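J.: My questions will all concern the structure given below.
There are 2 protein chains.
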Amino acid sequence: MTEKNTVRCQIVEAAKKRFSHFGYAKTTMAEVAADCSMSPGNLYRFFPGKLDIAESIATEDYEKHLEALRKLAVAPNRTARERLHDLLFEELRRTYHKLEKDPRAYEMATVIAHERPQYANWMLANERKILVQLFDEAEQRGEFAIDDKEITAEMIQSATMKFRYPQLWSKLTLPKLERELDGVLKLLVNGLCPGQTSSAGSEAAA
Amino acid sequence: MTEKNTVRCQIVEAAKKRFSHFGYAKTTMAEVAADCSMSPGNLYRFFPGKLDIAESIATEDYEKHLEALRKLAVAPNRTARERLHDLLFEELRRTYHKLEKDPRAYEMATVIAHERPQYANWMLANERKILVQLFDEAEQRGEFAIDDKEITAEMIQSATMKFRYPQLWSKLTLPKLERELDGVLKLLVNGLCPGQTSSAGSEAAA
DNA sequence: AGATTGAACGGATTGTTGATTATTCAGAAA
DNA sequence: TTTCTGAATAATCAACAATCCGTTCAATCT
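Below, the structure is given as structure tokens:
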């Protein structure tokens, strides 16, 4: 079991090097196998297919991101609104930078999104859990008033779709995207109706 | 001049028939020219290129849609919130049906969006004007409280992006999209903060 | 037995060739 | 002159061949 895991890791590491250096498409299973001093066929004892190796790499990275989001969601000394802001901005910035400077990451994201549509849903569901937790706390402190928190989390995700895979849907620069996300967040928090005070429109984070 | 316009119309009509019957790609300039009893070269006295004929057709149709939106934006006996609802739903439904039942329209939309990125921006700007007008009225009646109406219109468009070209970004059915748009709208209008009453969450329209 | 190999299969990809077609423009027609 | 033509051009596309590569599995090794 531990043995098996070691081999799995070895494969993942070899693939990681190849993928990030030559790209997913230009890396062959035979090459990865050779890097691990094994035959191509043997890879299939550890992964169902090539795409699963890529998914494994992506997930490893994503888990770190998720952890960072969880931290932000419960940061002390921040209002619920600020924490929501931090969450959404972290998401935007991470994706933007990842896809911006690294065409290999872009390629892998595209392939996985295309061949495994459910993967994106799984990511959204993970982040929804964090949002719901944030809402729970916020409600207790009377910061937000929310009927159905799960649904509301979905709606927040709908409304911020544009900022989740920024360069797939627009060619805007990061500063412009940030300004726009800030505007959308303000609207989501305060609404269009007259009523309560709107606390400051934007803050710096990180 | 009128003469020229007549010929232009004739070309557009011939192209419209061809495009909707055989598709944009499978229609040749020679065929359109033949339908108009003229040589292919002569088409270029009236249009800079094939794509411009398609654009002309698309715009003709779009102008009708815009007119419908303008009507909805000033409908009497409806609250601002209801009119905003009608506007966004009309947009969603039109696009959905158009792309759903007519693969030719989908093809043309794709080609134009790809070759003429500015075209989509022009459409958004048109619709923003309508939104701003709606906001102006709403503010006078005290229904909405809005700082910068142009910016707010942009933010509404950002937040409802997912519903503007529905089948490009998700495989959701119309009812699901409608439920989601309703949820997003509710959030945009009322905000997350506790405060004023939320008038009914959803209504039927047309 | 279980673990590993590597040749073989077939679906996808690439490169090449030939045809199609959007666009131009020199000249014919009006 | 202005209006139009249609052959010439260059870019794109479709079809086919050849190759490549992910995946499988019968045979080999431990």
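Those sequence lines, one after another, are chains U and D. So the first sequence is numbered by our numbering: it starts at 1 and just counts up by one. So the second sequence is numbered by our numbering: it starts at 1001 and just counts up by one. Every residue gets a Cβ at the ideal spot worked out from N, C-alpha and C, and that includes glycine. Predicted model only: the values in this text are computed from it and were never measured.
1. In angstroms, rounded to a whole number, what distance separates the CA positions of L1174/D and K1071/D?
2. Where does the unbroken alpha helix (DSSP H) through K1162/D begin, and where does it stop?
3. Can you find a CB in chain D that lies within less than 9 Å of the CB of V132/U?
4. Alpha carbons only, please: which of R93/U, I53/U, N190/U, E82/U is nearest the one belonging to D1147/D?
5. Please state whether DSSP places K1016/D in a helix, a strand or coil.
6. Between T110/U and chain D, is there a C-beta pair that is closer than 9 Å?
7. Would you list, in chain order, the members of the region 1173-1193 of chain D that have their beta-carbon closer than 7 Å to a beta-carbon of chain U?
8. What separation, rounded to the nearest whole angstrom, lies between the Cα atoms of K149/U and T27/U?
9. Could you tell me whether any Cβ in chain D is nearer than 9 Å to the Cβ of W122/U?
10. Might you give, ordered along the chain, the residues of its own chain that have their beta carbon closer than 6 Å to the beta carbon of R1179/D, omitting 5 neighbours on each side?
11. Taking Cβ positions only, does E1154/D come closer than 9 Å to chain U?
12. Which value, in whole angstroms, describes the spacing of the CA atoms of A200/U and E82/U?
13. Does the beta carbon of P1117/D sit closer than 9 Å to a beta carbon anywhere in chain U?
14. Three or more beta-carbon pairs under 8 Å between the region 1152-1166 of chain D and the region 112-128 of chain U, yes or no?
15. Please tell me whether, using a cut-off of 8 Å, the distance from the CB of E1139/D to the nearest non-hydrogen atom of the ligand MG is below it.
16. Are the Cβ atoms of V12/U and I53/U separated by less than 9 Å?
17. Rounding to the nearest angstrom, what Cα-Cα distance links R104/U and T1079/D in this structure?
18. Just the C-alpha distance for E90/U and F46/U, rounded to the nearest angstrom, thanks.
19. Tell me whether N77/U sits in a helix, a strand or coil according to DSSP, three-state version.
20. Among L172/U, R18/U, L99/U, P76/U, which has the Cα closest to the Cα of R141/U?
21. So, does the CB of A205/U fall closer than 9 Å to a CB anywhere in chain D?
22. Closer than 9 Å by beta-carbon distance: list the chain D residues that pair up with I57/U, in chain order.
23. Tell me which residue opens and which closes the alpha helix (DSSP H) that I146/U is part of.
24. Under a Cβ-count criterion, where at least 16 other Cβ atoms within 10 Å of its own Cβ denotes burial, should L1192/D be classed as buried or exposed?
25. I need the straight-line Cα distance from E1107/D to G1023/D, nearest angstrom please.
26. Can you tell which of Q133/U, D35/U, Y165/U has its C-alpha closest to the C-alpha of A113/U?
27. Closest to K50/U by CA distance: which of D102/U, A25/U, K98/U, V7/U is it?
28. Is E1139/D near A1145/D, with beta carbons less than 9 Å apart?
29. DSSP three-state label for D1182/D, please.
30. Quick one, which of Y62/U, D102/U, L134/U has its alpha-carbon nearest F19/U's?
31. Please report the Cβ distance between N1126/D and L1066/D, rounded to the nearest whole angstrom; I am assuming they are in contact, meaning their Cβ atoms lie under 8 Å.
32. Kindly list, in the order they appear in chain U, the residues whose Cβ is closer than 8 Å to that of A1073/D.
T.: On the basis of the supplied data:
1. Against the second sequence, residue 1174/D aligns to sequence position 174. Against the second sequence, residue 1071/D aligns to sequence position 71. Spanning the two alpha carbons is a distance of roughly 23 Å.
2. Counting from 1 along the second sequence, the entry for residue 1162/D is found at position 162. No alpha helix (DSSP H) contains K1162/D, which DSSP labels as neither H nor E.
3. Within the first sequence, residue 132/U is the residue found at index 132, counting from 1. Not closer than 9 Å to any Cβ of chain D, the Cβ of V132/U fails to qualify, so no.
4. Locating residue 1147/D in the second sequence gives position 147, where the first residue counts as 1. For D1147/D, the closest alpha carbon among the candidates R93/U, I53/U, N190/U, E82/U is that of N190/U.
5. Residue numbering aside, residue 1016/D sits at position 16 when the second sequence is read from its first letter. Three-state result, K1016/D: helix.
6. Looking up residue 110/U in the first sequence gives position 110. It does not: the Cβ of T110/U has no partner Cβ on chain D nearer than 9 Å.
7. E1180, G1183, V1184, L1187, L1188, V1189, N1190, G1191, L1192, C1193
8. By one-based count along the first sequence, residue 149/U stands at place 149. By one-based count along the first sequence, residue 27/U stands at place 27. Computed Cα separation, rounded: 44 Å.
9. Translated into the one-based positions of the first sequence, residue 122/U becomes position 122. With 9 Å as the cut-off, W122/U does not count as an interface residue toward chain D.
10. Reading the second sequence from its first residue, position 179 is the one you call residue 1179/D. Around R1179/D: no qualifying Cβ.
11. Translated into the one-based positions of the second sequence, residue 1154/D becomes position 154. It does; some Cβ of chain U falls within 9 Å.
12. Here residue 200/U is taken as the residue at index 200 of the first sequence, counted from 1. Here residue 82/U is taken as the residue at index 82 of the first sequence, counted from 1. Residue placement at A200/U cannot be trusted, given a pLDDT of 40 that sits under 50; the coordinates are not used to answer.
13. Position 117 of the second sequence, counted from the first residue, corresponds to residue 1117/D. Yes, because at least one Cβ of chain U sits closer than 9 Å to the Cβ of P1117/D.
14. no
15. As far as ligands go, the structure on display features none, and thus does not contain the ligand MG.
16. Locating residue 12/U in the first sequence gives position 12, counting from the first residue. Locating residue 53/U in the first sequence gives position 53, counting from the first residue. Contact flag set, yes.
17. As a working mapping, residue 104/U is identified with position 104 in the first sequence. As a working mapping, residue 1079/D is identified with position 79 in the second sequence. Distance between the alpha carbons of R104/U and T1079/D is about 50 Å.
18. Position 90 of the first sequence, counting from 1, holds the residue named residue 90/U. Position 46 of the first sequence, counting from 1, holds the residue named residue 46/U. Counting only the Cα atoms, F46/U lies some 34 Å from E90/U.
19. As a working note, residue 77/U is residue 77 in the first sequence. Coil, per DSSP.
20. For the purposes of this step, residue 141/U is taken as the residue at position 141 of the first sequence. Of L172/U, R18/U, L99/U, P76/U, the residue nearest in Cα terms is P76/U.
21. Residue numbering aside, residue 205/U sits at position 205 when the first sequence is read from its first letter. Model confidence at A205/U stands at a pLDDT of 37, short of 50, so the residue's coordinates are unreliable; what they give is reported in the following sentence. False, the Cβ-Cβ gap to chain D never drops below 9 Å.
22. The sequence position of residue 57/U within the first sequence is 57, counting from 1. Here the premise fails: no neighbours, minimum Cβ distance about 26 Å.
23. Along the first sequence, read from residue 1 onward, the residue named residue 146/U stands at position 146. Segment: none, I146/U is in no alpha helix (DSSP H) and carries neither H nor E.
24. Working through the second sequence from its first residue, we reach residue 1192/D at position 192. Buried: at least 16 other Cβ atoms inside 10 Å.
25. Counting from 1 along the second sequence, the entry for residue 1107/D is found at position 107. Counting from 1 along the second sequence, the entry for residue 1023/D is found at position 23. C-alpha separation (whole angstroms): 7 Å.
26. By one-based count along the first sequence, residue 113/U stands at place 113. If you compare the alpha carbons of Q133/U, D35/U, Y165/U with that of A113/U, the shortest gap goes to Y165/U.
27. Within the first sequence, the letter at position 50 stands for residue 50/U. Comparing Cα positions, the closest option is A25/U.
28. As a working mapping, residue 1139/D is identified with position 139 in the second sequence. As a working mapping, residue 1145/D is identified with position 145 in the second sequence. Yes; because the gap between Cβ atoms is below 9 Å, this pair is in contact.
29. Position 182 of the second sequence, counted from the start, is the residue given in the question as residue 1182/D. Helix.
30. Sequence index remark: in the first sequence, residue 19/U carries index 19 (1-based). With distances taken between Cα atoms, F19/U lies closest to D102/U.
31. Residue mapping note: residue 1126/D aligns to position 126 of the second sequence, counting from 1. Residue mapping note: residue 1066/D aligns to position 66 of the second sequence, counting from 1. Their Cβ separation, rounded to whole angstroms, is 6 Å, which keeps N1126/D and L1066/D in contact under 8 Å.
32. Counting from 1 along the second sequence, the entry for residue 1073/D is found at position 73. Simply none; closest approach about 15 Å.
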